[in-house]
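Notes follow once the structure below has been shown.
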Amino acid sequence: MATVGGLGLSGTASADESSTHYHNPVGPIGFGDVSIIEDNGTYYAYGTETPQDIIPIAESTDMYNWSYIAPALTETPGWHPTESDPGCWAPDVRYHDGQYHLYYSLSVWGSDNAGIGLATSDTPDGPFTDRGPVIESGDLDLTNCIDADTVIVDGQPWLVWGSYEGIYAVQMNGAMDDIVPGTEFQMAGQMIEGPVMLQDNGYWYLFYSSGQCCEGYDSTYRLECGRATSFTGPYYNQNGTDLRDLTETHQGVPILQGNSEFTGPGHNDVFRGPDGDWWCFYHVEATADDGTRYMMQDRIEWDNNDWPVIACNGVPSSEAPVPGEPSGCESGPIADGTYHIANVNSGKLLEVANAGTADGDNVRQYADTGNACQDWDVTANGDGTYAITNVNSGLWLEVANAGTAEGDNIQQYSNSTHPCQAWTIEDAGGGEYRLVNANSGLLAEVASAGTADGDNVQQWSDNGGEHQLWTFTSV
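Be aware that the sequence shown starts at 596, since it is given in the numbering used here, and climbs by one per residue.
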């Protein structure tokens, strides 16, 4: 879990049917593991093979209306020494020394005997000519060599790659068609894949995908990230965890995860658009209407701690402003998400008593039990206030009977749209916040500054006590 401090970005991009907004998904059906480049004002997207194409290519003149044009390769490269009928996956494309380099993964699903190859073309729309392998499993006593991302660091080209056996980097030669053994190092641990590098804000960011891909509506894919002050690391996530210590899926902090409309967002690329904004291109494994991969895109914003915030609130947008328009994100102290809300004075969590699910059930503090009654969804209302709903019950945090007096109780209740269910989150500094009821103007507090399990939560005038301060920690 990661404690949120400083300015977050909340809300979703405002809906608008005008020409100033685009609609997700943006790409042709089946586009996955997307790579993006620009050439003379035209943008090109490359994706993992489909039943019809080996590395399909799409193009756009505005970076949000995309059309399929051709496959990059007319046949699967034949250099893989042991696997029959391998797939051609996860392209990474860059312009180098007068040619377009397309790095691809060659592998069979479920096998760790994979490799990364290179194809080149004089033009970004192909056709590309295969040049053979760049790295194969076993070359560096490492397996599962897939998911290339090439990056230039102080003039030196590097290949970043990896899947469920870890994320690694190794220097490349000047032609960028071979690796330099002995220069490799590990960037991140196991059970993640699809590394992508971004340099900004004085950091190197490592984006990666975690969870199960490729299972349609059952996919659990999501994006996480870490960062370092130098390319060679070490890379830490928002929790302060060294990425090399990752051993399981979903151990990091999500920066993009699915919702009811889009399932399994992941395997992204990052690209700086003509407006100067960073954009995240990715695929979803399914939409609400279709259990098929689609290409998506959303802006990358930055919170006050310089961590990326994608699509305003970390879930895919269905509609968002086009490049060059304001992002539409509402600024606020807390990003939309699911949190533990802990009292600063006692260190105990806000919960619904006895995991109740009925209207009027009491809200109190209690030690961490791991129950969903201690998890709260925080969602911006778009007017500077937030709705706070209990994950276990789905009911709203409110002041009972819309009370405005000191000592009035705080409970859960079905959505009434009354301002007694709206809260302003005031930044008190140091990662601590005040919860102010929009109806009464009073603060949520632990009664009598109690520190025991079960002590009640009520509203009261601001008295400067730590029992009126709260922290928000992502779940």
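Just so it is clear, CB atoms sit at the ideal spot from N, CA and C, and this is done for glycine as well.
Owing to the predicted nature of the structure, the values given are computational and were not obtained by experimental measurement.
Q | Beta-bridge pairing of Ser716 - partner residues as DSSP gives them | A | Tyr695
Q) Would Asp744 pass as a contact of Met792 if the rule is Cβ separation under 7 Å? A) yes
Q) For the beta strand (DSSP E) that Asn1004 lies in, which residues bound it at each end? A) Neither: Asn1004 is in no beta strand (DSSP E) and is coded neither H nor E.
Q | Cβ-based neighbour list, Leu701, same chain, cut-off 7 Å, excluding 5 preceding and 5 following | A | Pro672, His675, Pro681, Cys683, Ala709, Gly710 and Gly712.
Q.
What would DSSP say about Cys740, mapped onto helix, strand or coil?
A. In the structure shown, the three-state DSSP call for Cys740 is coil.
Q: Report the rounded CA-to-CA distance for Gln846 versus Asn900, giving the unit in angstroms.
A: 20 Å
Q) Roughly how many angstroms separate the alpha carbons of His935 and Gly942, rounded to a whole number? A) 11 Å
Q: Please go through the same chain and pick out, in chain order, the residues whose beta-carbon is closer than 6 Å to the beta-carbon of Pro686, but skip the five residues on each side of it.
A: These residues qualify, in order along the chain: Ser630, Tyr641, Ile650, Leu697 and Tyr699.
Q) In its own chain, which residues sit with a C-beta less than 6 Å from the C-beta of Trp799, not counting the 5 before and 5 after it? A) Ala823 and Phe826
**Q.** Reduced DSSP secondary structure (H/G/I, E/B, other) of Arg817
**A.** Note: Arg817 maps to strand in three-state DSSP.
(Q) I need the boundaries of the beta strand (DSSP E) containing Ile905, first residue and last residue. (A) For Ile905, the enclosing beta strand (DSSP E) covers residues Pro903 to Ile905.
Q) Fully enclosed by the segment 945-981, which beta strand (DSSP E) runs are 3 residues long or longer? A) 958-961 and 971-975
Q: Quick one: grab the DSSP three-state call for Tyr812.
A: helix
Q) When the Cα of Gly761 is compared with those of Trp753, Asn768, Met771 and Asn739, which residue comes out closest? A) Asn739
Q. Just curious, the beta strand (DSSP E) that Cys875 is in, first and last residue?
A. Boundaries of the beta strand (DSSP E) around Cys875: Trp873 to Val879.
**Q.** Close Cβ partners of Thr844 (< 8 Å) along its chain, the five nearest in sequence each way excluded
**A.** Excluding positions up to five away in sequence, the list reads Met786, Ile787, Ser805, Gly806, Gln807 and Thr815.
**Q.** Rounded C-alpha distance that separates Pro623 from Thr974
**A.** 32 Å
Q | Endpoints, beta strand (DSSP E) assigned at Ser805 | A | Tyr798 to Ser805
Q) So does the segment 1057-1069 actually touch the segment 1038-1046, counting three or more Cβ pairs closer than 8 Å? A) yes
Q: Take the Cβ of His618 as the centre, count every other Cβ of all protein chains shown within 10 Å, and call the residue buried at 16 or more, exposed below.
A: exposed
Q) For Ala982, does the count of other Cβ atoms within 10 angstroms reach 16, so buried, or fall short, so exposed? A) buried
**Q.** Close Cβ partners of Pro916 (< 7 Å) along its chain, the five nearest in sequence each way excluded
**A.** Correct list, in chain order: Ala608, Thr615, His616, Ser922 and Gly923.
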